[in-house]
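J.:
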Ligand code: C5P
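Residue numbers (the numbering used here): 217 to 459.
1. Using beta-carbon positions only, say whether residue 293 and residue 252 come within less than 8 Å of one another.
2. Does DSSP put residue 459 in a helix, in a strand, or in coil?
3. Straight-line CA distance for residue 308 to residue 277?
4. Between the alpha carbons of residue 459 and residue 261, how many angstroms are there, rounded?
5. Determine the DSSP secondary structure at residue 516, reduced to helix, strand or coil.
6. Counting C-beta neighbours from all protein chains within 10 Å, is the total for residue 364 16 or more, i.e. buried, or is it exposed?
7. Mind reading off the beta-carbon distance from residue 337 to residue 353? Whole number of angstroms is fine, and I expect it under 8 Å.
8. Tell me whether residue 379 counts as near the ligand C5P, meaning its Cβ is closer than 7 Å to at least one heavy atom of that ligand.
9. Tell me, please, whether the region 278-285 touches the region 395-413 by the rule of three or more beta-carbon pairs shorter than 8 Å.
10. Since I believe residue 325 is in contact with residue 314 (beta carbons under 8 Å), could you give me their beta-carbon distance rounded to a whole number of angstroms?
11. For residue 296, does the three-state DSSP call read helix, strand or coil?
12. Quick one: Cα of residue 323 to Cα of residue 449, how far?
13. According to DSSP, is residue 364 helix, strand or coil?
14. Does the region 371-382 touch the region 226-233, meaning 3 or more C-beta pairs lie closer than 8 Å?
15. CB-CB under 6 Å to residue 249, same chain, minus the five flanking residues each way: which ones, in chain order?
16. Taking residue 312 as the reference, which of 350, 367, 289 and 421 has the closest Cα?
17. Between the alpha carbons of residue 351 and residue 414, how many angstroms are there, rounded?
18. Assuming the contact rule is C-beta atoms closer than 8 Å, residue 431 and residue 386 should be a hit. Round their C-beta distance to whole Å, please.
19. Since residue 331 contacts residue 391 with CB under 8 Å, what's their CB separation in whole angstroms?
20. Hey, would you say the C-beta of residue 306 is under 7 Å away from at least one heavy atom of the ligand C5P?
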């Protein structure tokens with residue numbers, strides 16, 4: 217087999233050059249990190265589950281008109297995506313108080329928020345991904361005003377759709393993180409699309425009935441049964457990988 221050129225290795229994924237120009241292969245690892253790399257571990261089978269879960273969610277979002285980088289899943293751990301220029305911002309959406317929001321403002325975890333709260337963080341490991349405002353984003357040239365408007369409207373649509381999707385399988389979408397990329401079309405158009413992945417690594421998912429955590433907080437907080445939780449999310453979505 218032809219050796220593929222590695223483009224980038226992140227904490228949970230490796231990116232390889234794709235088979236055609238403008239495509240990239242995302243390989244999902246089992247490695248897990250938290251607190252900006254201060255905690256490291258392996259969640260056996262996580263890569264396979266996240267590949268499937270992200271494929272499913274990106275496909276559903278594509279069907280309702282949200283542009284994404286996703287093209288198709290290639291195998292258990294890899295998917296083909298469009299090459300994009302990542303906007304260096306993590307967009308966090310919160311429906312229920314948890315995690316850093318609860319810590320920062322002293323709001324107990326589990327407090328429902330009257331409306332979705334959108335936050336931005338500048339993607340920079342050395343700086344620990346500092347929270348930033350729209351003004352910072354435009355002042356430092358990380359995105360234009362027009363791009364932020366587009367990001368906000370896409371983010372609200374993604375949140376509405378995913379809240380409903382998860383509610384239908386007995387899961388509360390507490391919060392999640394999105395990344396966007398610029399897709400450069402041959403005719404010169406630049407399109408903002410959803411990129412990266414959507415999986416229990418970057419969502420907080422709580423069982424509606426029991427509030428049991430079904431996401432990476434089980435790893436962050438040493439709660440055990442991490443793989444089982446990811447598997448349960450996949451099972452409820454109806455996409456448990458073939459063993
Ligand atoms: O830690 P915090 O409460 O700010 O996280 C909010 C949401 O964003 C969580 O669902 C978490 O999984 C996700 N997140 C992420 N990557 C980060 C920071 C947060 O996926 N670097």
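Cβ coordinates follow ideal geometry from the N, Cα and C atoms, glycine included.
T.: On the basis of the data shown:
1. Within the chain shown, the letter at position 77 stands for residue 293. Within the chain shown, the letter at position 36 stands for residue 252. Contact: no.
2. By one-based count along the chain shown, residue 459 stands at place 243. Confidence in residue 459 is poor, its pLDDT being 46 and thus under 50, which makes the residue's placement too unreliable to answer from.
3. Taking the first residue of the chain shown as 1, we reach residue 308 at position 92. Taking the first residue of the chain shown as 1, we reach residue 277 at position 61. Residue 308 and residue 277: Cα-Cα distance of roughly 17 Å.
4. The sequence position of residue 459 within the chain shown is 243, counting from 1. The sequence position of residue 261 within the chain shown is 45, counting from 1. Unreliable placement is indicated for residue 459, whose pLDDT of 46 sits below 50; the coordinate value is still reported in the next sentence. Approximately 11 Å, taken between the alpha carbons.
5. Nothing can be reported for residue 516, as the shown portion of the chain is limited to 217 through 459.
6. To locate residue 364, count along the chain shown from 1; it is residue 148. Residue burial is scored here from C-beta neighbours: residue 364 has at least 16 other C-beta atoms within 10 angstroms and is therefore classed as buried.
7. One-based indexing of the chain shown puts residue 337 at position 121. One-based indexing of the chain shown puts residue 353 at position 137. Between residue 337 and residue 353 a beta carbon distance of about 10 Å is seen, past the 8 Å cut, so the two are scored as non-contacting.
8. Walking along the chain shown from the start, residue 379 turns up at place 163. No; taking the cut-off as 7 Å, the Cβ of residue 379 has no heavy atom of the ligand C5P nearer than that.
9. yes
10. Indexing the chain shown from 1 puts residue 314 at position 98. Indexing the chain shown from 1 puts residue 325 at position 109. Residue 314 to residue 325, Cβ: 5 Å. Contact.
11. In the chain shown, counting from the first residue as 1, residue 296 sits at position 80. Here residue 296 sits in strand by DSSP.
12. Here residue 323 corresponds to residue number 107 of the chain shown, with the count starting at 1. Here residue 449 corresponds to residue number 233 of the chain shown, with the count starting at 1. Taking the straight line from one Cα to the other gives about 27 Å.
13. For the purposes of this step, residue 364 is taken as the residue at position 148 of the chain shown. Helix, per DSSP.
14. no
15. Residue numbering aside, residue 249 sits at position 33 when the chain shown is read from its first letter. Within the same chain, residue 249 has close Cβ partners 227 and 256.
16. The count along the chain shown starts at 1 and reaches residue 312 at position 96. Ranking the options by Cα distance to residue 312, first place goes to 421.
17. In the chain shown, counting from the first residue as 1, residue 351 sits at position 135. In the chain shown, counting from the first residue as 1, residue 414 sits at position 198. Cα to Cα, residue 351 sits roughly 27 Å from residue 414.
18. Position 215 of the chain shown, counting from 1, holds the residue named residue 431. Position 170 of the chain shown, counting from 1, holds the residue named residue 386. That pair is no contact at about 14 Å.
19. In the chain shown, residue 331 corresponds to position 115, counting from 1. In the chain shown, residue 391 corresponds to position 175, counting from 1. The pair is not a contact, with the Cβ atoms about 13 Å apart (cut-off 8 Å).
20. The residue you call residue 306 lines up with position 90 of the chain shown. Under cutoff, so the answer is yes.
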